[in-house]
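Undergrad: Numbering (our numbering), first residue to last: 537 to 972.
In this text, a Cβ means the ideal position worked out from N, Cα and C, and glycines have one as well.
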Ligand SMILES: C[S@@+](CC[C@H](N)C(=O)[O-])C[C@H]1O[C@@H](n2cnc3c(N)ncnc32)[C@H](O)[C@@H]1O
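#1: Between which two residues does the alpha helix (DSSP H) harbouring residue 503 extend?
#2: Output the distance between the C-alpha atoms of residue 664 and residue 909, rounded to the nearest integer angstrom.
#3: Closer than 8 Å by C-beta to residue 729: which residues in its own chain qualify, once you throw out the five before and the five after it? Chain order, please.
#4: Would you say residue 735 touches ligand 1, meaning its beta carbon is less than 7 Å from a heavy atom?
#5: So is the beta-carbon of residue 749 under 7 Å away from any non-hydrogen atom of ligand 1?
#6: Is residue 933 near ligand 1 - that is, is its Cβ less than 7 Å away from at least one heavy atom of it?
#7: Does the beta-carbon of residue 867, which I'm using as the reference point, lie nearer than 7 Å to any heavy atom of ligand 1?
#8: Can you tell me the Cα-Cα spacing of residue 950 and residue 862, whole angstroms?
#9: Please report the residue range of the alpha helix (DSSP H) in which residue 784 lies.
#10: Compute the distance between the beta-carbons of residue 779 and residue 825, then report whether it is under 8 Å.
#11: Could you give the DSSP three-state label for residue 736: helix, strand or coil?
#12: Based on the DSSP secondary-structure assignment, which residues constitute the bridge partners of residue 564?
#13: Count the other CB atoms, across all protein chains shown, that sit within 10 Å of the CB of residue 937; report buried if there are 16 or more and exposed otherwise.
#14: How would you write the range of the beta strand (DSSP E) that residue 824 sits in, first residue to last?
#15: Please report the straight-line C-alpha distance between residue 969 and residue 855, rounded to a whole angstrom.
#16: Residue 616 and residue 580 look like a contact to me (Cβ under 8 Å); what is the Cβ gap, rounded to whole Å?
#17: Please work out which residues of its chain come closer than 6 Å, Cβ to Cβ, to residue 481, disregarding the five sequence neighbours upstream and downstream, and give them in chain order.
#18: Using only alpha-carbon positions, find the residue among 608, 577, 609, 568 that is nearest to residue 596.
#19: At 4 residues or longer, what runs of the alpha helix (DSSP H) sit wholly inside the stretch 639-701?
#20: Taking C-alpha atoms, which residue in 746, 739, 772, 892 lies nearest to residue 759?
#21: Examine ligand 1 and report whether any of its heavy atoms sits within less than 7 Å of the Cβ of residue 775.
#22: Between which two residues does the alpha helix (DSSP H) harbouring residue 802 extend?
#23: Distance, Cα to Cα, residue 647 vs residue 634?
#24: State the Cα-Cα distance for the pair residue 859 and residue 767, rounded to the nearest angstrom.
#25: Could you please give me the residues that DSSP links to residue 898 through a beta bridge?
#26: On a CA-only basis, which of 816, 866, 697 is nearest residue 773? Give me that one, please.
#27: Compute every distance between the C-beta of residue 880 and the non-hydrogen atoms of ligand 1, then say whether any falls below 7 Å.
#28: Name the two residues that bound the continuous alpha helix (DSSP H) containing residue 749.
#29: Cβ of residue 673 within 7 Å of any heavy atom in ligand 1?
#30: Going by C-alpha to C-alpha distance, which of 929, 895, 637 sits closest to residue 847?
#31: On the DSSP bridge list, what partners appear for residue 707?
#32: Mapping the DSSP letters down to three states, classify residue 939 as helix, strand or coil.
#33: Would you report the Cα separation of residue 924 and residue 880, rounded to the nearest angstrom?
#34: Please state if the CB of residue 771 and the CB of residue 791 are separated by a distance shorter than 8 Å.
#35: Is residue 622 near ligand 1 - that is, is its Cβ less than 7 Å away from at least one heavy atom of it?
#36: Please report the straight-line C-alpha distance between residue 841 and residue 697, rounded to a whole angstrom.
Dropping the structure here:
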């Protein structure tokens, strides 16, 4: 229901919980207990935070309960009968109105913040004024707009009061601009503890939120990538953070090479890989603290070459792995495309058995686009770094909108995918030719 908001708290920078007390007049009906657990109530029930809408009668009855109804929906006894004809008999007998005391606990976070923020700030709803928050373990994380900053402590206190799992409320101090993609935080309320534990893709992650990058709004995208990974895929993550791609990949039985420039991310990623590693698989993980280009040149490319060779030279491996793939993940959307310039260098280098390689390489490179035609924009920017790539090798996918005219996108580049259209590809030759 829509509670009337107290006017006395408007524009206040401290929280006065007492001001939220009021009495409301609500309809109710007394019904036998067996009528409670049915769906006949539809939208008629009074729903307020921390308020039971099914209560004991006074004096207590073993057979009947009192059900509170929403006064915005049920104005008359006839409304109640119309909405719930199957209990018309009880409505006829007992429908009435009662005064009910409401307090701070019965308001939602949004209602309290709306009541406090000046009208010009709160008119589009607290979420649109920048007071929307993300939850990361025990931390509620705000990115408050400047105009809302005078109210930051009162907003934080409301969140701390109302969300039982939240122990710390923080605000991002400015846009992410550091190399390590973390941002300065101000603790607004609660415990001075930024080391969080959270779950994603069936894995547990631990990290210091003030020192590394973690964005819960990317969880759907990360889960999408994890779904396309298979046991024995070889996975390289160039900008791995604390491991949200590589930890689930390892759990699936992929072989994992993970890199990040931020030593703090590397520290937590190593802990996360170790704590989540499944005993079921003997696959390995390797962690590096290098610049992305150096990681690609000195770790990724040599490992791909030796791995493809191992498979070519070993009949059994060819049989077992010919349906696998090599995946290279590049999630640093501001500049990841520019790191693709090391691929032509590598691909133009002489390598005698490259034409025979069995495993395709799938590069998932994230970027932002503000263009009308995001697909065209990404293809043309991508080709400045990989000029010899064909249109068929590239596909672009929308990930999420990050600002009104700015989309996060994923460009997928496929290299060495000969096996689907080349009957002569070693994997097919091998599988079709039992004499080999
Ligand atoms: C957007 S975050 C992505 C982290 C992780 N993949 C995720 O989805 O949460 C980008 C990461 O790249 C790292 N980074 C920034 N510049 C880098 C560079 N030149 N080489 C390697 N890593 C870099 C940052 O430390 C950060 O952890």
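TA: With the given structure in hand:
#1: Residue 503 falls outside the range modelled here, since the chain spans only 537 to 972, and no answer is possible.
#2: The pLDDT assigned to residue 664 is 49, lower than 50, so where the model puts this residue is not dependable, and the model offers no usable value.
#3: 674, 703, 704
#4: no
#5: yes
#6: no
#7: yes
#8: Cα-Cα distance, rounded: 10 Å.
#9: 782-787
#10: Contact: no.
#11: strand
#12: 604, 632
#13: exposed
#14: Residue range 821-824 is occupied by the beta strand (DSSP E) that includes residue 824.
#15: Any reading at residue 969 must be qualified, since the residue scores a pLDDT of 39, below 50, and its modelled position is unreliable; the value itself is stated next. Straight-line Cα distance between these residues: approximately 12 Å.
#16: 7 Å
#17: Residue 481 falls outside the range modelled here, since the chain spans only 537 to 972, and no answer is possible.
#18: Closest option to residue 596, judged by alpha-carbon separation, among 608, 577, 609, 568: 568.
#19: 645-652, 655-658, 688-698
#20: 739
#21: yes
#22: Unbroken alpha helix (DSSP H) run through residue 802: 799-812.
#23: 23 Å
#24: 10 Å
#25: In DSSP, residue 898 forms a bridge with 863, 950.
#26: 866
#27: It does not: the Cβ of residue 880 is nowhere closer than 7 Å to a heavy atom of ligand 1.
#28: Counting along the chain, no alpha helix (DSSP H) covers residue 749, and no H or E run does either.
#29: The answer is no for residue 673.
#30: 895
#31: Residue 707 is bridged by DSSP to 678, 722.
#32: strand
#33: 8 Å
#34: yes
#35: no
#36: 56 Å
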